[in-house]
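Novice: Before I ask anything, here is the structure I am working with.
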Amino acid sequence: MDPNVAVDAPLENRPGVPMERSPAAPEPFAPREIPPQERRVEVLVEPEHDLTPVFGTAAPPHGISGAIRRAAYTFPDYRVRRWLLLLLADRLESQEARIARVMRSPVAWIGGGLVLAAGAASLFARRR
Amino acid sequence: MLAMTYQGKRKIRVESKPEPRIEHPGDVILDVTRAAICGSDLHLFHALVPDTRLGSTFGHEFTGVVAEVGSAVETLRKGDRVVVPFNIACGACFFCERGLFASCENSNPCSTLVGGCFGYSHTTGGYDGGQAERVRVPYADVGPMKIPDDMSDEDVLFLSDILPTGYQAAEMGEIKPGETVVVFGAGPVGLFTAKSAWLLGAERVIVVDCIDYRLEWARKFAGAETVDFRAVPKKDIVGFLRKMTDGRGADVCIDAVGCEARGSKLHSALGLGLMLESGAPTAIAWAIDSVRRGGNVVLIGVYGPPFNLIPIGTAMNKGLTLRMGQANVKRYMPHLLEHIRAGRIDAKALITHRFPLEEIPDAYRLFDDKKDGVVKCVVIPPGASARAS
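Protein chains in written order, with the numbering used here: chain F, 830 to 957; chain G, 206 to 594.
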């Protein structure tokens, strides 16, 4: 028989038993007072809660999707509408990025210019 | 610095991003040496987790070398090699004091569901992850564990998530000697769950999946019996498992798949196609149906909000105990480090593919498609080979 089988069968060998550590105690080097992190970017916060002392700074909200995210964060996370709005914002942000990519493309500008020019020429020809 | 960035559903790229900086006195900045792609990263990749924003960097399984140290950090010095739990935890709040590091209330301002995590959407705090050259690590005196000099970064990389997650899954099953455990999913977490089930005293371990090479891994790496749910008569996996377990069902059933399970056209259509539920909860439904009355069901695979259709009435009437949650990684790291050192678990063996960070889109595609026998992909940032030992 594999000598490793059941090596953690005794409950005292299981690090997560009981799941809630008792007595409760902080980690040895955990900060007792946590100074607040400086808020350099927009951070959306769960309503009726304070900003935590430490937070992530990735990808602040922007554009129309950002406006929807801000609206979503006015609802607490036990409301389904909050998550549906966030899913909508996620999809919309992809479309915003697609439009931005197109707008950055010189081909799009040239193509758009040609369409406008053709339209103007056709209008001019009709009036004559 | 180079970093993986999310660009929308099934789209990622590698691009240059500003270097992370010390944002708080308790932070360190790491030069990443190894970063793994997790199965749960695929849920982000498939746009199944709400508030996954474009430009975010994924990656919650990584090792690194300390490059910058915040003014309040006491335990780490520049040059230390560390492995970092995916949970971001303060170590002293109501939940951390009780060892529930995944529930820290001082690291995630964006929701009350869970504490902060690296690289896992704004639902878990909006932190950039470790699939990059550098990463910011908050609460550096609490989470990171120094890597022993006699061990390599890859030896301990999976202490950051999948090994503690698999172990905690088995532990939450409250396995007793002589019991039968069914693990749904033969991915990396499922393999570690099955391996851990033996350590905890299981008499019999059965792994269910539908991918041949992964079932072979379950047999060879985890020593488990295997069932291909696509090959069972009438595709009745629940009935098949009951027959395998004296007609009553297994004592413990564990969902190590999460929200992208295959096997149910209904759930795939509702959850993955129409998005009317949060992914396909097929594995947890099978677990509830397959376990014996009074048995334990464990959910360790990841699901996002807001809801899924699961047979909760069956669970109630069978008198089941349901246990679930993100792993409290820090609690398990020292114990599992000893299992690795003693040779009981060869965690590194799951690494089947290594990619330079610059090629991470290929790694995601390979991992997503389950091609080339992939079990676990590890990415290596430029210059990291020299830093990792």
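In this text, a Cβ means the ideal position worked out from N, Cα and C, and glycines have one as well.
A quick note: this is a predicted structure, and the numbers were derived from the prediction, not measured.
1) How long is the line joining the alpha carbons of residue 489 (chain G) and residue 515 (chain G), rounded to whole angstroms?
2) Can you list, in chain order, the residues of its chain with a C-beta nearer than 6 angstroms to that of residue 535 (chain G)? Leave out the 5 residues immediately preceding and following it.
3) Pull out every residue of the segment 837-850 of chain F whose Cβ sits closer than 7 angstroms to any Cβ of chain G, in chain order.
4) Check whether the Cβ atoms of residue 413 (chain G) and residue 442 (chain G) sit closer than 8 angstroms, and answer yes or no.
5) What are the start and end residues of the alpha helix (DSSP H) that includes residue 462 (chain G)?
6) Select from G:438, G:261, G:243 the residue whose C-alpha is nearest the C-alpha of residue 217 (chain G).
7) Once you ignore the five residues that flank residue 537 (chain G) on each side, which residues in its own chain have a CB closer than 6 angstroms to its CB?
8) Can you say whether residue 263 (chain G) is buried or exposed, counting buried as having 16 or more other CB atoms within 10 angstroms of its CB?
9) Counting only Cβ-Cβ distances shorter than 7 angstroms, please list the residues of the segment 902-935 of chain F near chain G, keeping chain order.
10) Would residue 944 (chain F) count as contacting chain G if we go by Cβ distances under 8 angstroms?
11) Taking one C-beta from the segment 374-386 of chain G and one from the segment 343-363 of chain G each time, how about it: are there three or more such pairs within less than 8 angstroms?
12) I want to know whether the segment 477-488 of chain G touches the segment 423-433 of chain G - three or more CB-CB distances under 8 angstroms.
13) Any C-beta of chain F within less than 7 angstroms: which residues of the segment 334-366 of chain G qualify?
14) Output yes or no for whether 8 angstroms exceeds the beta carbon distance between residue 406 (chain G) and residue 918 (chain F).
15) Between the segment 245-271 of chain G and chain F, which residues of the former have a C-beta closer than 8 angstroms to a C-beta of the latter?
16) Considering only the alpha carbon of each residue, which of G:559, G:296, G:330, G:349 lies closest to residue 286 (chain G)?
17) Are residue 463 (chain G) and residue 419 (chain G) close, meaning C-beta to C-beta below 8 angstroms?
18) At least one CB of chain F closer than 8 angstroms to the CB of residue 231 (chain G): is that the case?
19) Distance, Cα to Cα, residue 340 (chain G) vs residue 234 (chain G)?
20) For the segment 868-877 of chain F against the segment 891-905 of chain F, do three or more pairs of beta-carbon atoms, one drawn from each stretch, fall closer than 8 angstroms, so that the two count as touching?
21) Under 9 angstroms, CB to CB, which of the residues in the segment 854-878 of chain F have a partner in chain G?
22) Where in the segment 368-418 of chain G do unbroken runs of the alpha helix (DSSP H), each at least 4 residues long, occur, reported from the N-terminal end onward?
23) Give me the chain F residues within the contact set of residue 279 (chain G), using Cβ-Cβ distance strictly less than 7 angstroms, ordered along the chain.
24) Measure the alpha-carbon distance for residue 300 (chain G) versus residue 519 (chain G) and round it to whole angstroms.
25) Please specify which runs of the beta strand (DSSP E), each continuous and at least 3 residues long, are wholly inside the segment 443-498 of chain G, giving them in chain order.
26) Cα separation between residue 938 (chain F) and residue 932 (chain F)?
27) Threshold first: 4 residues or longer. Then list the alpha helix (DSSP H) segments lying entirely within the segment 237-323 of chain G, N to C.
28) So what's residue 948 (chain F) in DSSP terms, helix, strand or just coil?
29) Can you give me the Cβ contacts of residue 266 (chain G) inside the same chain, cut-off strictly under 6 angstroms, excluding the 5 residues immediately before and after it?
30) Classify residue 560 (chain G) as helix, strand or coil using the three-state DSSP reduction.
31) Need the endpoints of the beta strand (DSSP E) that residue 433 (chain G) sits in, please.
Specialist: The answer reads as follows:
1) Residue 489 (chain G) and residue 515 (chain G): Cα-Cα distance of roughly 7 angstroms.
2) 290, 306
3) Within the segment 837-850 of chain F, the qualifying residues are 837, 838, 843, 844, 845, 846, 849, 850.
4) yes
5) Per DSSP, residue 462 (chain G) belongs to no alpha helix (DSSP H) and is neither H nor E.
6) G:261
7) 369, 372
8) buried
9) 906, 909, 912, 915, 916, 919, 922, 923, 926
10) no
11) Three or more beta-carbon pairs separated by less than 8 angstroms are not found between the segment 374-386 of chain G and the segment 343-363 of chain G, which leaves the two stretches without contact.
12) no
13) 343, 344, 346, 347
14) no
15) 252, 255, 256, 257, 258, 259, 260, 261, 262
16) G:349
17) Going by C-beta atoms, residue 463 (chain G) is not nearer than 8 angstroms to residue 419 (chain G).
18) yes
19) 6 angstroms
20) yes
21) The segment 854-878 of chain F vs chain G, Cβ under 9 angstroms: 854, 855, 856, 857, 858, 859, 860, 861, 863, 864, 865, 866, 867, 869, 872, 873, 874, 875, 878.
22) 393-404
23) 858
24) 31 angstroms
25) Annotation note: the segment 443-498 of chain G contains the following uninterrupted beta strand (DSSP E) runs of length 3 or greater, listed N- to C-terminal: 455-460.
26) 7 angstroms
27) Here the runs fully enclosed are 244-250, 299-302.
28) In the three-state reduction of the DSSP assignment, residue 948 (chain F) falls in the helix class.
29) 241, 243, 365, 366
30) Looking at residue 560 (chain G) - three-state DSSP - the assignment turns out to be strand.
31) 430-433
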